Amino acid sequence: KATKNDSGFHECDTETDHPPASPQKQPIKPVSQDPHRQSGCKQEVGDWEECSEEDIKHCYDIGGVIGDGNFAEVRVCVVRQTGRTCAMKVVDKAKLQGRDHMIHNEVALLASLRHPRLVRLLRSHHTHAHVYMLMELVTGGDLFDAIARNVKFSEVCAAGMVRDISEGLKFIHNRRIAHRDIKPENLLVQRHGDSCITLKLADFGLALLVTEPLFTICGTPTYVAPEILAETGYGVAVDVWAMGVILYVLLCGFPPFRSAERNQTELFRLIRAGELHFFSPYWDMVSTGAKDLIRALLQVNPKGRLTATQTLQHDWLRSFCRTSKQKYQPHETSPDQHHKPAVTSLVKQPASPTNSHYTTEPGPDQHKNAQSCTDRPRSTEDTHNDTITSLFSKYFTG
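Residue numbering for the sequence shown is 1 to 398, as defined by the UniProt record's numbering.
Right, here's the structure in full:
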């Protein structure tokens, strides 16, 4: 059976897929000793016990949309008892269509993980129609929007961002968890004053505990690792590949592998070949060290690819992060502190049609890339499963 997931990429469930790992099967633990707990709201959804929509309204003042997907919206939310401003991910069960396990899995994993580079799940609830996930509010938007505004970044900025991603990946990889959908849309920007920013990993809907090689095809085309396409089994190294693609984009404004006319089959062929090019003039002023790190992250053979831990020890990253220690120094806040940003400034606005990210071409003889900055990759329900299966069969046998 083949479907499309919320990331805009086909996901094929085959007999070779392994059953969900233990976090997906374990009961979802409540957030213990939650300082914002209120009577009338369920604090535990391990057995999917329902609370009512009235309970939700009693506990929270849910405002405007700050992000959305195929079956979920993220809204500004104020906890009534404390006045704390948070983010509420509201999942419409009617749109899940058999993918309830993805939300169950995301809640289970996030409830067990605490790290400054991961978006924190504060609480979760379940009603007849929705799943509610109360998250810490990250006020700077996502990296996708930042790239769309800036097109490309300096090496010092890119190094700080890669350091943040690597620290988050190191934490989850040490726990044998693969995120499987690392991309700019899933990296949230936390601003600390005017110049200091940090990144946080978000959206763990596809994350899994890796106890043996995985075979499910999932992710987002531009960032998918070659071993996923090869169907030879993969693990946490797929996240590092995606980070390498992101670093390439940050430094030049377009992805390393681009297909003509958004041809996904051609894109996959280029990814599996893994031939890297640093086109002039876009890369002329970028250091050899940055290019060396990109090559090390985008090794087709995952055994030759750097790990997240090794990335943090790379000379280029260490050099630039030393010079930018003050700018990228994280300032973590207590979960009990109240955050009251201007709610109106957080409400999602339509992307500007003039954004050029992912539409910038390195030259007339090069391929267009697979997506544009104003058209985020998002799946649509495709009932033509035979067509999807045919696409993959043609690619993998060809």
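Beta carbons: idealized from backbone N, C-alpha and C, even for Gly.
Quick caveat, the model's predicted, so the values are computed rather than measured.
Secondary structure of Y234 (DSSP, three-state): strand.
The segment 303-320 and the segment 233-243 touch, with no fewer than 3 CB-CB distances between them shorter than 8 Å. In this structure, P226 places its C-beta atom within 8 Å of the C-beta atom of I271. Here DSSP, grouped into helix, strand and coil, assigns E227 to helix.
Under the three-state reduction of DSSP, A242 is assigned to helix.
Comparing alpha carbon positions, the residue from A158, H173, R176 and N174 closest to P184 is A158. Annotation: T309 is outside any beta strand (DSSP E); the continuous alpha helix (DSSP H) that includes it extends over A308 to L312. Excluding the 5 residues flanking it on each side, F153 has same chain C-beta neighbours closer than 6 Å at L250, in chain order.
Buried is the label assigned to T85, since at least 16 other Cβ atoms lie within 10 Å of its Cβ. In terms of Cα proximity to T211, the closest of V65, Y248, G233 and D292 is G233. Sorting Q190, H130, H104 and I103 by C-alpha distance to the C-alpha of L118 places Q190 at the top. Boundaries of the beta strand (DSSP E) around G64: Y60 to D68. By the neighbour-count definition (other C-beta atoms within 10 Å, threshold 16), E275 is an exposed residue. Within the DSSP bridge table, the entry for T85 names V78 as partners. Comparing C-alpha distances from R180 to each of R163, E261 and L229 shows the shortest one belongs to L229.
Taking one beta carbon from each stretch, the segment 74-90 and the segment 128-138 have 3 or more pairs nearer than 8 Å; the two touch.
Residue state for D284 is assigned as coil, using DSSP reduced to three classes.
Beta bridge pairing from DSSP links A72 with V91. Close CB contacts of C77 within its chain, under the 6 Å cut and outside five residues either way in sequence, are with Y60, I62, C86 and M88 (chain order).
N174 counts as exposed, since fewer than 16 other C-beta atoms from the protein chains shown sit within 10 angstroms of its C-beta. By the C-beta density criterion, T82 is exposed, having fewer than 16 other C-beta atoms within 10 angstroms. Contact between F171 and H115 holds, since their C-beta atoms are separated by about 5 Å, short of 8 Å. In this structure R258 is not in contact with L209, their Cβ atoms being roughly 33 Å apart against a cut-off of 8 Å.
Per the coordinates, the alpha-carbon of F268 lies some 12 Å from the alpha-carbon of E231.
According to DSSP, residue pairing for Y132 in a beta bridge involves V90 and H125.
The alpha-carbon of V236 is positioned some 5 Å away from that of A178. The three-state secondary structure of V189, taken from DSSP, is strand.
Separation of F278 and A296 (C-alpha to C-alpha, rounded to the nearest whole angstrom) is 14 Å. In terms of Cβ geometry, L143 and L206 do not form a close pair [threshold 8 Å].
Between the alpha carbons of P255 and D55 lies a gap of roughly 46 Å. Note: T198 is bridge-paired with Q190 in the DSSP secondary-structure output.
By the criterion of a C-beta distance shorter than 6 Å, L293 is surrounded in its chain by H314 and W316, once the five residues flanking it on both sides are discounted. Short of 7 Å from the beta carbon of H128, and not among the five residues preceding or following it, lie these beta carbons of its own chain, in chain order: E50.
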